[in-house]
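The following block contains the structure:
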């Protein structure tokens with residue numbers, strides 16, 4: 356069954372490990388949104404891999420991997436990623452493709468991204484500074500540069516010339532150095548020569564694979580609470596990690612998808628600014644951060660940590676039609692005497708079980724908790740029946756409240772440290 360892997364929280368749920376576990380059963384793995392702001396981590400016998408652009412299925416030599424049209428591509432970052440993997444013996448020829456409709460992150464996108472964050476001060480979004488947002492802005496303003504133009508020097512130069520005029524006006528406003536057409540053009544022409552062989556019309560390609568009956572795994576980045584429409588706007592990403600983004604960002608029809616697997620941690624984390632009702636600011640949060648090694652794989656920033664929030668999990672199930680849940684980092688909770696999960700919020704004396712569009716209001720919501728007993732150890736367990744009673748109760752509570760089965764449980768970072776039900 357063609358399957359979508361999607362984040363149910365604020366990203367960093369461990370989607371890379373889930374994709375890695377399922378990839379052997381699929382022919383094609385496709386990323387459909389985001390860019391170098393993603394950081395999917397996989398730990399194998401060969402070491403630790405962190406993927407920013409490239410689908411995690413690339414580690415399997417017989418898998419076709421596609422960067423879909425919904426992504427924004429930073430050629431410099433992508434080539435660094437490719438070079439690292441090639442040195443480790445990973446082959447890309449005839450099995451790695453970049454959509455010619457994907458947009459290209461330009462150097463001025465990064466400078467504008469960082470300067471806007473600086474100007475926002477205390478109200479900053481908390482972006483990665485990778486130019487993702489400004490690149491999507493240009494896309495929807497219809498002045499962006501698609502990967503297709505890397506194959507056409509004349510039109511690439513024309514696009515760069517038009518954009519640099521406007522960018523320099525923005526740079527003047529921000530007090531940033533002006534940029535030249537030649538510098539930008541030469542910089543990207545050099546990268547174009549190195550990645551042009553990977554650029555294809557993947558819309559037709561992926562539909563060809565679908566019509567031929569090849570199985571497809573959609574690899575989402577970030578999570579539903581960072582979706583630009585359904586997340587804690589404006590403290591979101593600039594794309595759609597939700598189920599709808601998979602079709603827009605790949606070119607496949609909705610009927611191509613048969614199963615949606617939602618990935619969520621056994622607790623909650625987020626990076627950057629924005630409301631986080633179950634955040635733990637004291638020693639409890641520090642324990643989760645240290646035990647879970649909660650530091651961003653893209654930026655290295657310490658993640659904010661808190662209790663499991665089943666309100667946002669239920670919200671994720673509703674919007675994305677989640678069929679199964681992959682629960683990650685259960686072992687991080689080992690040794691805690693008791694655990695709390697949020698089952699609702701309190702706001703001005705009333706009980707609330709919905710996520711509001713008013714983000715400032717959401718920041719005032721207080722969690723309503725159910726307390727459950729902890730357990731000793733789940734680390735490395737690979738059979739459900741061997742889990743301690745407290746861990747089973749925790750999982751059963753999640754299933755009961757969300758009415759969705761937990762089909763996979765991660766009990767450690769390694770490939771084999773998982774329970775498949």
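Residue numbers (my numbering): 356 to 776.
Glycine included, C-beta positions come from ideal geometry on N, C-alpha and C.
Q.
Buried or exposed for residue 364, going by 16 or more other Cβ atoms inside 10 Å?
A. Of the residues assessed, residue 364 falls on the buried side of the cut-off, its CB having 16 or more other CB atoms within 10 angstroms.
Just checking: is the beta-carbon of residue 434 within a distance shorter than 8 angstroms of some beta-carbon in chain D? Protein chains in the displayed structure number just one, and chain D is not present.
**Report entry** 6 angstroms CB neighbourhood of residue 775 in its chain, flanking five on each side removed
**Finding:** Contacts found: 763.
- Message: With DSSP as the reference, identify every bridge partner of residue 693, one or two as the case may be.
- Response: Looking at the DSSP assignment, residue 693 forms a beta bridge with 728.
Exercise for the section: For my contact list, residue 590 and residue 480 are in at a C-beta cut-off of 8 angstroms; report their separation, rounded to the angstrom. Expected result: Right, the Cβ-Cβ distance comes to about 6 angstroms (below 8 angstroms), so this counts as a contact.
Residues sharing a beta bridge with residue 399, DSSP
Beta-bridge pairing links residue 399 to 402.
inquiry  = If you measure between the beta carbons of residue 667 and residue 557, is that distance less than 8 angstroms?
reply    = No, they are not a contact pair.
I'd like the list of long-range same chain contacts for residue 707, defined as Cβ closer than 6 angstroms, with 5 residues on each side in sequence excluded. Within the same chain, residue 707 has close Cβ partners 700.
Notebook entry, point to check: How many Å lie between residue 727 and residue 711 at the Cα?
Noted result: In a straight line, the C-alpha of residue 727 is about 27 angstroms away from that of residue 711.
Practice item. Please list, in chain order, all residues of the same chain as residue 658 whose beta carbon is under 6 angstroms from its beta carbon, the five residues on each side excluded. Key: Only 624, 626 and 649 meet the Cβ criterion.
>> Is it the case that the segment 601 to 615 contacts the segment 382 to 391, given that we only count it when at least three CB pairs across the two stretches are under 8 angstroms?
In response: Contact between the segment 382 to 391 and the segment 601 to 615 is established, with three or more Cβ pairs separated by less than 8 angstroms.
Margin query: Taking its Cβ as the centre, do 16 or more other Cβ atoms sit within 10 Å of residue 777, making it buried, or is it exposed?
Written below: Here the chain has residues from 356 to 776 only, and residue 777 is not among them.
What's the call for residue 548, buried or exposed, on a 16-neighbour Cβ count within 10 Å?
Residue burial annotation: residue 548 is exposed, with fewer than 16 other C-beta atoms found within 10 angstroms of its C-beta.
Quiz item: In whole angstroms, what separates the C-alpha of residue 677 from that of residue 565?
Solution: Whole-angstrom Cα-Cα distance: 22 angstroms.
- request: Please say whether residue 618 and residue 361 have beta carbons closer to each other than 8 angstroms?
  value: Remark: C-beta atoms of residue 361 and residue 618 approach each other more closely than 8 angstroms.
**Asked** Is the segment 507 to 527 touching the segment 452 to 472, taking contact as three or more C-beta pairs under 8 angstroms?
**Response** With the cut-off at 8 angstroms, the segment 507 to 527 and the segment 452 to 472 touch.
### Query
Using the beta-carbon count (16 or more within 10 Å), is residue 693 buried or exposed?
That one is exposed.
Q) Where does residue 644 sit, in a helix, a strand or coil, going by DSSP? A) DSSP places residue 644 in helix when its eight states are reduced to three.
Q: Tell me whether residue 680 is buried or exposed, calling it buried when 16 or more other Cβ atoms sit within 10 Å of its Cβ.
A: Of the residues assessed, residue 680 falls on the buried side of the cut-off, its CB having 16 or more other CB atoms within 10 angstroms.
* Asked: Distance, Cα to Cα, residue 555 vs residue 719?
  -> For residue 555 and residue 719, the distance between alpha carbons rounds to 48 angstroms.
C-beta atoms of residue 394 and residue 408 nearer than 8 angstroms: Going by C-beta atoms, residue 394 is not nearer than 8 angstroms to residue 408.
Find out if the Cβ-Cβ distance for the pair residue 382, residue 569 is shorter than 8 angstroms.
Contact flag set, yes.
Roughly how many angstroms lie between the CA atoms of residue 688 and residue 471, to the nearest whole one? Roughly 38 angstroms separates the two Cα atoms.
ask   = Which residues mark the beginning and the end of the alpha helix (DSSP H) in which residue 601 is found?
value = Residues 598 to 603.
Helix, strand or coil: how does DSSP classify residue 381 here? Looking at residue 381 - three-state DSSP - the assignment turns out to be coil, as it is neither helix nor strand.
**Nearest neighbour of residue 497, chosen from 518, 713, 745 and 483 [CA to CA]** = Residue 518 is the option with its Cα nearest to residue 497.
Residue 704 (DSSP reduced to helix, strand or coil) | Three-state result, residue 704: coil.
Would residue 690 and residue 641 qualify as a contact pair, given that the criterion is a beta-carbon distance under 8 angstroms?
Going by C-beta atoms, residue 690 is not nearer than 8 angstroms to residue 641.
Where do the ends of the alpha helix (DSSP H) carrying residue 488 lie? It spans 487 to 495 - the alpha helix (DSSP H) in which residue 488 sits, taken as one unbroken run.
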